Amino acid sequence: MVVEAHRHCAICGKPIPMSESFCSDQCQENFQLKQQQVAKQRKILYALIAVFVIAWIAFMFLRK
């Protein structure tokens, strides 16, 4: 018994043809929403790191 070549939806895991990435438009929208949330969180993290570095440098120079 041979299983035909397939892949799985990145969101729900349903089997789909090799030429597809998602099983439905809803899964594709969910994936894009998650990608946007990850990008937003990454920007916030970088901004917080920048604020802490700037504050650290400012305190280093103000202590003298």
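If you're matching positions, the sequence shown starts at 1484 in our numbering and goes up one per residue. From the three backbone atoms N, C-alpha and C, an ideal C-beta is built for every residue, glycine too. As the structure is a prediction and not an experimental result, all values here were calculated from the model.
In the DSSP annotation of this structure, the continuous segment of the alpha helix (DSSP H) that includes Glu1512 starts and ends at 1508-1545.
Excluding the 5 residues flanking it on each side, Ala1488 has same chain C-beta neighbours closer than 6 angstroms at Met1501, in chain order. A straight-line Cα-Cα distance of about 27 angstroms links Ile1532 and Phe1514. When secondary structure is reduced to three states using DSSP, Pro1500 falls in the coil class, being assigned neither helix nor strand.
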